[in-house]
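To start, the structure under review is shown below, and the notes come after it.
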Amino acid sequence: MREFIVEADGGSRGNPGPAGYGSVVRDAATGETLVERAEFIGTATNNVAEYRGLLAGLSAARELDPAARVHVRMDSKLVVEQMSGRWKIRQPDMRPLAMRAAAVLPAGQVTYEWIPRERNKHADRLANEAMDAGSRGERWTASRSAAEPDAHGATGPEPPGPAGDAPATAAASPSDGAQPGSSARAGADVRAARNVASAAPDLGAPTTFVLVRHGETPLTPLRRFSGSGGGDPALSDVGRRQAELVAAALAARGTVQAVISSPLARCRETAGTVAARLGLEVSVEEGLRETDFGAWEGLTFGEVREKYPDDMNAWLTDPEAAPSGGGESFAAVARRVAATRDALLATHAGRTVLLVSHVTPVKTLVRLALGAPPEALFRMELSAASLSAVAYFADGNASLRLLNETSHLR
Numbered sequence: 024m025r026e027f028i029v030e031a032d033g034g035s036r037g038n039p040g041p042a043g044y045g046s047v048v049r050d051a052a053t054g055e056t057l058v059e060r061a062e063f064i065g066t067a068t069n070n071v072a073e074y075r076g077l078l079a080g081l082s083a084a085r086e087l088d089p090a091a092r093v094h095v096r097m098d099s100k101l102v103v104e105q106m107s108g109r110w111k112i113r114q115p116d117m118r119p120l121a122m123r124a125a126a127v128l129p130a131g132q133v134t135y136e137w138i139p140r141e142r143n144k145h146a147d148r149l150a151n152e153a154m155d156a157g158s159r160g161e162r163w164t165a166s167r168s169a170a171e172p173d174a175h176g177a178t179g180p181e182p183p184g185p186a187g188d189a190p191a192t193a194a195a196s197p198s199d200g201a202q203p204g205s206s207a208r209a210g211a212d213v214r215a216a217r218n219v220a221s222a223a224p225d226l227g228a229p230t231t232f233v234l235v236r237h238g239e240t241p242l243t244p245l246r247r248f249s250g251s252g253g254g255d256p257a258l259s260d261v262g263r264r265q266a267e268l269v270a271a272a273l274a275a276r277g278t279v280q281a282v283i284s285s286p287l288a289r290c291r292e293t294a295g296t297v298a299a300r301l302g303l304e305v306s307v308e309e310g311l312r313e314t315d316f317g318a319w320e321g322l323t324f325g326e327v328r329e330k331y332p333d334d335m336n337a338w339l340t341d342p343e344a345a346p347s348g349g350g351e352s353f354a355a356v357a358r359r360v361a362a363t364r365d366a367l368l369a370t371h372a373g374r375t376v377l378l379v380s381h382v383t384p385v386k387t388l389v390r391l392a393l394g395a396p397p398e399a400l401f402r403m404e405l406s407a408a409s410l411s412a413v414a415y416f417a418d419g420n421a422s423l424r425l426l427n428e429t430s431h432l433r
């Protein structure tokens with residue numbers, strides 16, 4: 024039985040940005056290069072480009088011999104661990120690519136190995152060549168490639184950096200271990216720093232959701248239930264001032280790339296104020312709306328406990344229990360918010376996005392990021408016009424970076 028080695032890589036100059044992949048198929052016995060493939064794929068993330076490189080390499084190996092054993096070597100820890108079944112695939116845009124890759128050859132014929140970037144130069148250069156060709160409006164061709172290694176297995180001159188635009192010390196999830204020190208900046212230490220950095224999973228830039236609760240409405244200081252099932256109050260004068268202060272704070276940070284709002288008026292008004300300051304448009308996302316509190320809309324907590332004591336007790340102890348009159352349970356809100364989160368992560372991978380929403384959706388995003396139980400919702404304070412932030416990594420992990428920040432309001 025023949026044995027092949029597939030080396031693959033992909034990169035994105037912008038993550039997402041102009042992207043391409045490179046793949047090499049070698050004879051395992053002789054080391055001879057049998058096939059080179061590379062392609063510019065338009066705008067995509069690093070991880071999508073890496074999966075496209077894997078697909079191309081596996082497909083090329085199958086064309087050579089569908090019965091061959093294939094050993095895949097990549098410097099993407101994410102792809103290797105996901106395809107080996109040790110890490111879950113949570114990014115919606117990567118699941119179909121992983122399924123296609125798994126279907127190219129029978130699972131028993133394919134094995135995966137992570138290698139440092141320095142040992143994946145051939146595929147890396149092919150990916151860079153494909154992106155360079157794409158920037159010129161051309162297609163990559165093997166006849167013009169300089170990526171073939173010499174007799175000692177080394178490539179030609181080293182490309183200016185990794186296939187993507189992220190530095191070797193790009194941020195990783197909390198489980199990724201320590202990052203290289205600042206000595207990597209010294210010219211003589213650049214190569215050593217890249218070797219160290221390549222030992223960590225190549226997860227690319229995280230997607231960051233900056234979470235803003237809308238400014239006050241007339242109901243906010245009265246602490247009345249105000250969800251999506253009752254009236255749709257606008258901001259009060261205080262709330263409009265809070266929105267201006269949020270806008271100023273976010274403009275000073277200068278990192279937000281998109282603004283998305285709940286459809287309710289108080290959020291759209293808050294989001295509009297911020298977006299105008301940032302020079303952005305507001306997109307409306309139905310999944311960010313507040314809970315439907317049913318018959319409790321407009322009532323205080325005490326009034327609900329007096330009128331609907333059994334329903335209130337159930338609601339406080341069972342996440343599947345809904346408010347009186349056909350409202351929405353915490354579990355139902357969590358399912359809605361999780362689906363919205365996944366869709367937004369797929370659409371805005373690697374970006375910083377402002378989500379303007381309500382108490383329950385924001386707390387739910389925080390709870391889900393922490394893996395906390397439903398009762399954690401009752402243990403968080405979330406003030407009007409407060410800022411929170413969650414970073415999401417390509418391996419499915421999340422990191423809470425800010426919660427209920429209100430210093431901009433003082």
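In the working numbering, each residue carries its 1-based index in the sequence shown increased by 23. Quick reminder that beta carbons are idealized off the backbone N, C-alpha and C, glycines included.
Sorting Glu-343, Ser-347, Pro-342 and Glu-320 by C-alpha distance to the C-alpha of Pro-332 places Ser-347 at the top. Residue pairing by DSSP puts Val-235 in a beta bridge opposite Val-379 and Leu-410.
Taking each of Ser-107, Arg-109, Gly-160 and Asn-151 in turn and checking the Cα distance to Gly-76, the smallest one comes out for Asn-151. By the criterion of at least three beta-carbon pairs nearer than 8 angstroms, the region 237-256 is not in contact with the region 409-429. Exclusion of the five residues before and after Ala-318 leaves Ser-347 and Gly-348 as the residues of its chain whose Cβ lies within less than 6 angstroms of its Cβ. CA-CA distance, Arg-162 to Ala-31, rounds to 19 angstroms. When C-alpha distances from Gly-45 are compared across Gly-131, Arg-358, Ala-274 and Asp-155, the shortest belongs to Asp-155.
Here Phe-248 carries a coil assignment [DSSP, helix/strand/coil]. The beta carbon of Ala-90 is closer than 7 angstroms to those of Met-24 in its chain, skipping five residues each way along the sequence. With respect to Ala-288, Ala-266 sits apart: the two C-beta atoms are not nearer than 9 angstroms.
In this model, Met-97 and Gly-373 are separated by some 21 angstroms (Cα to Cα). Going by DSSP, Arg-92 is part of the beta strand (DSSP E) stretching over 92-97. Apart from sequence neighbours up to five positions away, the residues of its chain that approach Ala-344 with a beta-carbon distance below 7 angstroms are Ala-337, Trp-338 and Ser-352, ordered along the chain.
A residue is called buried once 16 or more other Cβ atoms fall within 10 Å of its Cβ, and Ala-79 is buried on that count. Cβ atoms of Arg-246 and Thr-323 come within 8 angstroms of each other, at about 6 angstroms. For Trp-338, the uninterrupted alpha helix (DSSP H) segment begins and ends at 332-340. The alpha-carbon of Thr-231 is positioned some 17 angstroms away from that of Val-305.
CA-CA distance, Arg-390 to Leu-400, rounds to 7 angstroms. For the pair Ala-83 and Arg-60, the CB atoms are nearer than the 9 angstroms cut-off.
Trp-137 and Ala-366 have their C-alpha atoms spaced approximately 29 angstroms apart. Bounds of the beta strand (DSSP E) holding Ala-31 are 26-35. Rounded to whole angstroms, the separation of the alpha carbons of Ser-158 and Val-360 is 38 angstroms. Distance from the CA atom of Glu-404 to the CA atom of Gly-37, rounded to whole angstroms, is 36 angstroms.
Taking Val-93 as reference, the option from Thr-340, Val-356 and Val-127 with the minimal CA-CA separation is Val-127. Taking each of Ala-274, Leu-378, Ala-395 and Thr-429 in turn and checking the Cα distance to Leu-301, the smallest one comes out for Ala-274.
By alpha-carbon distance to Leu-242, the top candidate from Arg-264, Arg-312 and Gly-254 is Gly-254. Around the Cβ of Gly-65, a 10 Å sphere holds fewer than 16 other Cβ atoms; the residue is exposed. Less than 9 angstroms divides the Cβ of Ala-412 from the Cβ of Arg-424. Judged by DSSP in its simplified three-state form, Trp-110 adopts coil rather than helix or strand.
Relative to the Cα of Asp-50, the nearest Cα in the group Ile-28, Gly-262 and Phe-248 belongs to Ile-28.
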